[in-house]
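Protein chains: 4
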Amino acid sequence: MPNLISDIPAKRRFTVGMIGGGHGSFFAGIHRAAMRLTGCFDVKAGVFSSNEAVSREAAEALGVIPERTYRTFRDMAEAESIRSDKIDVAVVVTPNHLHYEPCRLFLEAGIPVICDKPLVNTSGEAEALIDLAEKTELFAAVTYTYTGYPMVRDARARVQRGEIGEVKFLYVEYLLEWLANDPSKLGKGGLWRGDPGKAGLTGALGDVGTHAFNILEFVSSKRCVALNAKLSTTVDGFGLDDTGVVQMEFEGGAEGLLWCSLAAPGHRNGLRFKIVGSKGTLEWRQEQPETLHLSRMGQADLIYRRGASDMTEEGASCVSLPAGNPEAYLEALAVLYMDYASALEAGPNWRTIGKTPVTDLNEGLRGVLLSEICVRSSQTKMWQPFPKSRMWGDP
Amino acid sequence: MPNLISDIPAKRRFTVGMIGGGHGSFFAGIHRAAMRLTGCFDVKAGVFSSNEAVSREAAEALGVIPERTYRTFRDMAEAESIRSDKIDVAVVVTPNHLHYEPCRLFLEAGIPVICDKPLVNTSGEAEALIDLAEKTELFAAVTYTYTGYPMVRDARARVQRGEIGEVKFLYVEYLLEWLANDPSKLGKGGLWRGDPGKAGLTGALGDVGTHAFNILEFVSSKRCVALNAKLSTTVDGFGLDDTGVVQMEFEGGAEGLLWCSLAAPGHRNGLRFKIVGSKGTLEWRQEQPETLHLSRMGQADLIYRRGASDMTEEGASCVSLPAGNPEAYLEALAVLYMDYASALEAGPNWRTIGKTPVTDLNEGLRGVLLSEICVRSSQTKMWQPFPKSRMWGDP
Amino acid sequence: MPNLISDIPAKRRFTVGMIGGGHGSFFAGIHRAAMRLTGCFDVKAGVFSSNEAVSREAAEALGVIPERTYRTFRDMAEAESIRSDKIDVAVVVTPNHLHYEPCRLFLEAGIPVICDKPLVNTSGEAEALIDLAEKTELFAAVTYTYTGYPMVRDARARVQRGEIGEVKFLYVEYLLEWLANDPSKLGKGGLWRGDPGKAGLTGALGDVGTHAFNILEFVSSKRCVALNAKLSTTVDGFGLDDTGVVQMEFEGGAEGLLWCSLAAPGHRNGLRFKIVGSKGTLEWRQEQPETLHLSRMGQADLIYRRGASDMTEEGASCVSLPAGNPEAYLEALAVLYMDYASALEAGPNWRTIGKTPVTDLNEGLRGVLLSEICVRSSQTKMWQPFPKSRMWGDP
Amino acid sequence: MPNLISDIPAKRRFTVGMIGGGHGSFFAGIHRAAMRLTGCFDVKAGVFSSNEAVSREAAEALGVIPERTYRTFRDMAEAESIRSDKIDVAVVVTPNHLHYEPCRLFLEAGIPVICDKPLVNTSGEAEALIDLAEKTELFAAVTYTYTGYPMVRDARARVQRGEIGEVKFLYVEYLLEWLANDPSKLGKGGLWRGDPGKAGLTGALGDVGTHAFNILEFVSSKRCVALNAKLSTTVDGFGLDDTGVVQMEFEGGAEGLLWCSLAAPGHRNGLRFKIVGSKGTLEWRQEQPETLHLSRMGQADLIYRRGASDMTEEGASCVSLPAGNPEAYLEALAVLYMDYASALEAGPNWRTIGKTPVTDLNEGLRGVLLSEICVRSSQTKMWQPFPKSRMWGDP
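Protein chains in written order, with UniProt numbering: chain A, 1 to 395; chain B, 1 to 395; chain C, 1 to 395; chain D, 1 to 395.
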């Protein structure tokens with residue numbers, strides 16, 4: 001199976017158009033580094049910024065020709081859609097409130113889309129995109145990076161094969177520290193996250209809570225059916241929630257709990273989950289992504305390890321380096337891009353690649369719903385139902 | 001300062017009467033081992049079981065003379081109260097529903113009381129005992145063992161001196177696995193915990209949730225003012241909650257979260273807390289009690305260690321062994337008994353010993369209130385207020 | 001099986017005479033705390049110091065009557081040997097150079113002996129004591145505390161049952177920090193350890209290297225047959241080695257490596273071993289004594305835990321508290337004293353108690369030989385043979 | 001400062017010729033992935049295998065034109081040296097015994113060289129290459145990957161600035177497990193490592209011991225001056241040492257110890273070091289490369305973290321991702337390639353780039369000397385002097 005390292009024989013390559021990602025857009029650089037790592041993608045077109053000079057500078061640095069450096073994503077969708085060498089996929093890395101329009105335009109132009117998380121700011125928009133993607137049968141994905149870690153996929157497979165018995169309780173925490181600094185000193189990067197006009201309905205919940213929620217559903221293959229949230233602002237001057245606690249119920253009766261914060265000093269990117277089953281408990285921490293901890297009734301704990309011979313097929317299939325030569329964050333994102341390459345190659349059958357489903361627009365919708373329903377619950381101080389939806393990969 | 005090891009010069013010794021603790025009572029043996037460790041207590045009287053033969057066997061093994069081996073705790077309270085060499089303190093280690101009566105009788109008989117946790121099964125009983133203790137000015141304590149760990153006291157002192165800034169979020173989890181086994185195979189020891197007639201209003205919450213709640217209030221020096229609980233039974237056939245989640249609000253606006261379970265495979269005695277402040281976060285785990293983890297904004301984490309020269313005075317004052325020669329559970333309980341010895345020596349001024357307050361009947365009451373209020377919240381699916389009370393050591 | 005907690009029915013009790021252990025003798029207090037914990041020993045006689053006032057103070061604190069508070073250990077051996085209630089065992093906790101004489105006198109007086117480690121300062125003395133003990137068939141033991149940890153015994157049993165295959169490499173390190181401080185500020189406690197007249201031939205090697213060596217032989221059930229040592233003094237003004245490295249060969253061809261130091265800042269009592277076999281590797285750390293780490297070829301690591309149901313019989317038989325309620329250093333020493341109680345009860349058959357052999361005078365001899373042979377190797381810069389001897393428990 | 005992620009503005013790019021690295025050459029793929037990650041290198045020429053078909057397949061996959069796909073490295077050196085667009089650097093990833101010739105030829109042809117580790121198989125060859133590189137003033141480096149980890153560089157800087165006081169003891173271990181399998185089942189990949197004709201003088205020592213030795217000298221900025229080695233074969237049928245222990249002396253009197261093995265089950269790529277100073281101890285583990293552990297006399301341990309604001313300049317300058325988004329092995333190798341890009345840009349002044357010196361041919365020589373001197377020591381069972389050489393970056 002091809003992995004990040006294998007480069008002989010050559011992999012099939014895909015051309016990319018980028019929306020967003022000029023100088024100063026930190027995560028766009030990470031996306032491009034992950035693409036380089038795969039050896040499957042070439043950026044060939046783009047509108048890298050609403051500021052023309054910034055966009056041109058990016059195009060030049062990335063080797064995009066002036067003809068394919070566009071002023072607006074509307075221009076780009078139109079022009080690319082009629083080229084014989086049109087881009088294979090559009091990668092959308094603009095700020096949150098500028099996701100919907102480009103996604104819609106490129107799908108309408110017949111071009112598959114990879115969109116940064118969160119997908120959009122309202123569930124209505126998300127549903128509109130889902131309809132569009134279903135009608136066009138085009139590949140469309142949301143980059144929930146943490147689902148690219150091999151040990152997260154290994155955890156998912158172990159839950160599915162019953163290694164922890166029946167799932168009883170799903171715990172996740174995602175804590176960051178950056179906002180705990182004097183907020184008056186926050187740079188532009190931080191402040192927009194507290195601005196409802198840009199970040200959307202929620203702060204911490206939308207920014208990191210959605211990742212946490214997504215990983216619980218991904219690993220457990222279960223859907224949340226109800227929740228009770230308390231969103232709080234602990235840092236003066238921040239315009240949205242910086243901390244949230246969500247109690248959840250999952251289908252089949254499992255309980256869940258989510259705690260997220262942007263203002264927890266000492267936490268850099270502190271995502272961790274603990275899935276309690278009737279026979280064992282699985283734990284994983286993003287900052288030590290190479291191992292998965294299985295503890296069992298009265299017996300020795302097991303430390304599973306990326307690259308070991310006892311990995312599940314689902315985990316092993318996205319391993320690139322041997323055990324002991326650690327992989328990390330960039331590899332996880334690159335694993336998603338490897339999936340995207342397979343999906344693009346598969347065309348309309350893109351949902352059937354591999355054993356691990358792609359995090360698609362439906363998952364993007366659920367992230368948006370999480371924000372909307374948590375706000376409702378937090379305001380009413382009441383439990384709220386959460387709409388069920390199909391499982392990944394289900395028709 | 002005397003510690004568990006120091007035995008020259010001799011420490012002052014106190015005579016103990018035990019209520020409960022015959023053969024088969026596991027935790028009574030732990031209490032006596034802790035007392036032996038202190039070198040301050042001698043069991044001289046008791047009613048060790050409602051079964052006379054069991055009680056006599058225990059008396060013999062413990063060297064208690066027949067004259068002071070009683071048939072009922074009522075007999076014992078009466079007889080001891082008029083002896084010239086009456087016991088200095090009564091230690092109550094009966095099952096939960098048999099705490100109230102002996103506590104009441106001994107206090108009325110003018111004898112101080114040390115009672116196992118939870119104090120009693122209703123807040124009315126707890127309040128009655130508090131009134132009695134205040135009237136008699138007698139020492140009375142509830143054994144919240146985990147408050148005896150040096151690094152827990154160190155954590156409390158560090159919070160008080162502002163090392164993590166303003167307290168923002170209090171997280172605690174307390175997970176055990178024993179109930180996850182086939183419940184039909186549970187021995188007598190387990191089943192009574194699911195029997196409302198014996199265990200009280202709650203199962204997991206009363207058994208371990210109270211410890212978790214107590215340690216949050218102890219470490220933060222803050223009081224819970226409202227909560228929203230969801231109590232669940234995940235194991236078929238268990239008569240009470242085996243799992244609980246409690247969202248909390250603390251005075252001054254801090255948020256809190258408690259998760260407890262008796263049915264989390266892979267967890268033996270998994271109590272851990274994380275206190276998030278505006279400048280740093282403190283974490284401690286009962287199964288690795290020798291260290292306290294302080295993580296800070298963008299800087300190296302600190303691993304504080306029992307016995308190191310940079311401990312707080314509050315923590316250092318209950319250290320017995322040098323750093324590197326680990327202490328553990330028995331030492332923690334023995335630290336409480338060292339406190340009790342100091343308290344007994346202080347007489348009516350017992351509240352003023354040392355910097356760390358004794359976990360007294362008021363803390364016992366709050367444990368009982370926790371069960372009552374969580375049941376109300378869980379049934380109504382609503383937030384409920386939690387009565388404020390004086391802080392430890394406050395008049 | 002009786003353990004530290006079980007006290008009903010009563011255990012058989014033994015009377016103890018102490019040699020050494022007056023005020024200021026730190027480790028004597030630890031020995032007494034361990035004895036208290038067992039509930040099997042009562043100090044009834046002693047010469048607690050060469051300073052009469054100090055000795056009397058100790059006797060009083062410990063409840064030893066004046067008649068049995070002796071001026072010299074010669075007086076004590078003579079007087080006790082003819083009492084009808086003579087002590088069951090003499091516990092020797094004097095400084096190293098005062099071990100030989102009391103051990104000899106008590107054995108000659110027909111009284112079993114428990115001696116602190118290192119046994120004596122020359123192999124000739126050790127051999128004389130061995131001869132005496134064999135002739136008299138009296139119980140005699142050396143307190144290698146670390147062999148009392150349940151997970152160390154569990155490790156030994158796992159090696160014996162072939163869980164790691166054939167033993168290939170034995171690594172141990174034992175690092176402390178105290179000497180790294182400005183040595184001019186060392187108190188009396190430290191300075192004698194660098195004084196050849198008191199500490200013996202070696203410094204770090206005799207003080208902690210012997211523990212490290214003992215634990216390797218104990219866990220592997222293998223004997224060192226040759227070694228190549230380099231002893232160094234890294235702290236100016238210390239009169240003996242403060243650091244040592246010893247390459248070793250074990251019977252059957254296994255390799256070994258020992259590193260010890262008294263001057264390694266950041267290490268409190270840093271004893272850890274790693275036993276590499278053909279199928280797996282076992283690791284244990286004294287500062288986290290509750291777990292034993294087994295790593296295997298290409299498979300999940302196993303974390304064995306004290307108190308779990310998958311412990312070996314040898315490990316489980318010395319467990320007192322349930323898993324999750326941690327045990328530590330005092331319990332380990334108390335486990336040895338539980339063994340000693342069994343041995344005293346067994347009389348001449350004391351070597352056959354239980355599955356784990358007592359660390360006897362022969363092990364004491366090997367510790368002394370270690371110092372002598374390492375000095376020879378370090379001076380000649382050559383490999384030196386190490387005398388083979390019988391295995392624990394062998395006739 | 002440019003890092004792996006920054007791609008706007010564009011970085012200067014260099015053309016690469018590869019010697020070795022056809023299909024089946026695992027580490028060549030890793031080198032190319034690291035180059036892709038930097039965004040600074042393009043493979044434009046090569047002889048990828050002695051097998052022409054294999055070489056052509058690689059050329060095609062990598063987009064190398066037939067004209068620059070050569071049959072021998074002699075042909076390649078000649079042809080490239082006279083092209084106007086000749087390669088900027090030759091990357092040598094052939095098996096060990098085929099390093100010398102291509103390095104020599106390319107340096108003679110005026111083309112800088114990056115050579116996989118170990119440099120060559122005899123110190124004579126290494127010295128010849130050093131002479132050549134000095135004469136030509138060409139950049140030449142050996143890829144000691146582990147020196148590219150930010151926290152290794154951070155450790156080096158902390159030692160240099162005196163954070164642990166005077167260096168006293170240098171410990172390193174490097175353990176792998178692959179050979180512990182039934183050696184009769186070893187594939188071709190493994191067997192050549194035990195073949196003196198291909199692997200060189202030593203097995204484990206040359207393969208991993210050299211990395212371990214290099215990292216000690218790199219982190220401490222100290223040179224080994226004498227050693228005493230014991231090389232062993234613990235796996236039947238392996239033609240060279242699979243296990244080694246090396247005692248060392250460093251300039252200025254520090255002691256050292258190295259343990260390496262290819263046959264330690266449970267170890268995947270187990271490189272870790274511990275540097276003991278007079279004031280503190282630094283520890284780092286390759287499998288958890290994001291943190292550096294500083295333990296100190298009687299004070300809290302510090303866990304330094306990649307990306308934190310308290311990193312040293314030397315460490316921070318090679319960071320690409322924010323703390324919490326972990327980096328790992330590929331990033332470490334890519335950091336070396338970033339250095340190489342800077343060095344190629346600097347031309348004859350390449351030694352003066354940055355604060356961290358490039359691991360050059362002199363370090364390659366020391367790796368070869370390590371094998372030669374350890375063999376001599378192991379055979380004679382005697383200490384042997386180790387030639388001093390200039391420090392990195394020294395003229």
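In this text, a Cβ means the ideal position worked out from N, Cα and C, and glycines have one as well.
Taking Cβ to Cβ, would you say C/Ser295 is nearer than 8 angstroms to D/Pro265?
Yes, the pair counts as a contact, with Cβ atoms nearer than the cut-off.
Closer than 7 angstroms by beta-carbon distance: list the chain C residues that pair up with A/Ser309, in chain order.
Within chain C, the residues near A/Ser309 are Gly298, Gln299.
Simplified DSSP state of D/Thr103, which is helix, strand or coil:
The sequence shown places Cys at residue 103 of chain D, rather than the Thr named in the question. D/Cys103: helix per DSSP, three-state reduction.
According to the Cβ coordinates, are D/Asp116 and D/Thr143 closer than 8 angstroms?
At a Cβ-Cβ threshold of 8 angstroms, D/Asp116 and D/Thr143 count as neighbours.
Compute the beta-carbon to beta-carbon distance between C/Phe48 and C/Ala58, rounded to the nearest angstrom, for a pair I have assumed lies under 8 angstroms.
Rounded to whole angstroms, the Cβ separation of C/Phe48 and C/Ala58 is 4 angstroms, and the two are in contact under 8 angstroms.
Delimiting residues of the alpha helix (DSSP H) encompassing D/Arg156:
150 to 160 is the span of the alpha helix (DSSP H), which, as asked, contains D/Arg156.
Would DSSP call C/Thr270 helix, strand or coil?
Just to set this straight, residue 270 of chain C is Gly in the shown sequence, not Thr. Strand at C/Gly270.
Taking the alpha-carbon of C/Gly237 as reference, which of C/Asp195, C/Tyr340, C/Ser6, C/Met76 has the nearest alpha-carbon?
The option with the nearest alpha carbon to C/Gly237 is C/Asp195.
Would A/Pro102 pass as a contact of A/Gly315 if the rule is Cβ separation under 8 angstroms?
Judged by beta-carbon spacing, A/Gly315 lies beyond the 8 angstroms limit of A/Pro102, meaning their Cβ atoms are not closer than that value.
With 8 angstroms as the threshold, decide whether the Cβ of C/Thr291 is near any Cβ in chain E.
No chain E is part of this structure, whose protein chains are labelled A, B, C and D.
Identity of the residue in A/Thr69, A/Trp178, A/Ala229, A/Asp85 nearest B/Trp383 by Cα
Here the closest residue by C-alpha is A/Ala229.
Expressed to the nearest angstrom, what Euclidean distance is found between the alpha-carbon atoms of B/Lys274 and B/Thr281?
Within the model, the alpha-carbon separation for B/Lys274 versus B/Thr281 is close to 7 angstroms.
Counting only C-beta atoms, is D/Gln247 closer than 8 angstroms to chain A at any point?
Not an interface residue.
Neighbour flag for D/Thr234 against chain C, beta carbons, 8 angstroms
Yes - at least one Cβ of chain C is within 8 angstroms of the one on D/Thr234.
When you compare each of D/Gln247, D/Gly197, D/Asp301 to D/Ala212 by their alpha carbons, which one comes out closest?
Ranking D/Gln247, D/Gly197, D/Asp301 by Cα distance to D/Ala212 puts D/Gln247 first.
Less than 8 angstroms between the CB atoms is what I'm expecting for B/Arg36 and C/Leu37, so what's the real figure, rounded?
That pair is a contact at about 6 angstroms.
Does the structure place the region 288 to 304 of chain B close enough to the region 121 to 132 of chain B that three or more beta carbon pairs sit under 8 angstroms?
With a cut-off of 8 angstroms, the region 288 to 304 of chain B and the region 121 to 132 of chain B do not count as touching, because too few Cβ pairs lie within range.
Give me the Cα-Cα distance between B/Pro395 and B/Lys355, rounded to the nearest whole angstrom.
No answer about B/Pro395 holds up, because its pLDDT of 48 lies below 50 and its placement is not dependable.
Anything in chain C within Cβ reach of A/Ile164, meaning under 9 angstroms, just list it in chain order.
From the beta-carbon of A/Ile164, no residue of chain C is found nearer than 9 angstroms; the closest lies around 14 angstroms away.
Which of the residues in the region 3 to 29 of chain D, read from start to end, lie with their CB under 7 angstroms from any CB of chain C?
Listed by position along the chain: nothing, the set is empty.
is_contact[C/Thr95, chain B] using C-beta, thresh 8 angstroms:
Checking the sequence shown, residue 95 of chain C turns out to be Pro, not Thr. With 8 angstroms as the cut-off, C/Pro95 does not count as an interface residue toward chain B.
8 angstroms is my cut-off, CB to CB: does B/Gly304 come that close to chain D?
At residue 304 of chain B the sequence reads Tyr, which differs from the Gly that was named. Judged by the 8 angstroms Cβ criterion, B/Tyr304 is in contact with chain D.
The alpha helix (DSSP H) enclosing A/Glu372, as first and last residue numbers:
Under the DSSP assignment, A/Glu372 falls in the alpha helix (DSSP H) whose first and last residues are 361 to 380.
Where do the ends of the alpha helix (DSSP H) carrying B/Gly337 lie?
The amino acid at residue 337 of chain B is misidentified as Gly; the sequence shows Tyr. Where B/Tyr337 is concerned, the enclosing alpha helix (DSSP H) stretches over 329 to 346.
To which residues of the same chain is D/Cys216 closer than 6 angstroms at the C-beta, ignoring the five residues directly before and after it?
Note on residue identity: the sequence assigns Leu, not Cys, to residue 216 of chain D. Within the same chain, D/Leu216 has close Cβ partners Leu170, Val172.
Please confirm whether D/Tyr329 has its beta-carbon closer than 8 angstroms to some beta-carbon of chain A.
Interface annotation, D/Tyr329: in contact with chain A, CB-CB separation under 8 angstroms.
Which chain A residues sit within Cβ distance under 9 angstroms of B/Tyr171?
Chain A residues near B/Tyr171: Glu173, Trp259.
Contact between the region 132 to 141 of chain D and the region 98 to 114 of chain D is defined here as three or more beta-carbon pairs at a separation below 8 angstroms; is this criterion met?
When C-beta atoms of the region 132 to 141 of chain D are compared with those of the region 98 to 114 of chain D, three or more pairs fall below 8 angstroms, so the two segments count as touching.
Any contact between the region 327 to 347 of chain D and the region 362 to 378 of chain D? By contact I mean 3 or more CB pairs, one from each, below 8 angstroms.
The region 327 to 347 of chain D makes no contact with the region 362 to 378 of chain D, as fewer than three CB pairs between them are under 8 angstroms.
Contact under 8 angstroms by Cβ, C/Ile19 with C/Val93
It is a contact, given that the beta carbons lie within the stated cut-off.
Could you tell me which whole alpha helix (DSSP H) segments of length 4 or greater appear in the region 26 to 100 of chain D?
Fully enclosed alpha helix (DSSP H) runs of 4 or longer: 26 to 38, 52 to 62, 73 to 81.
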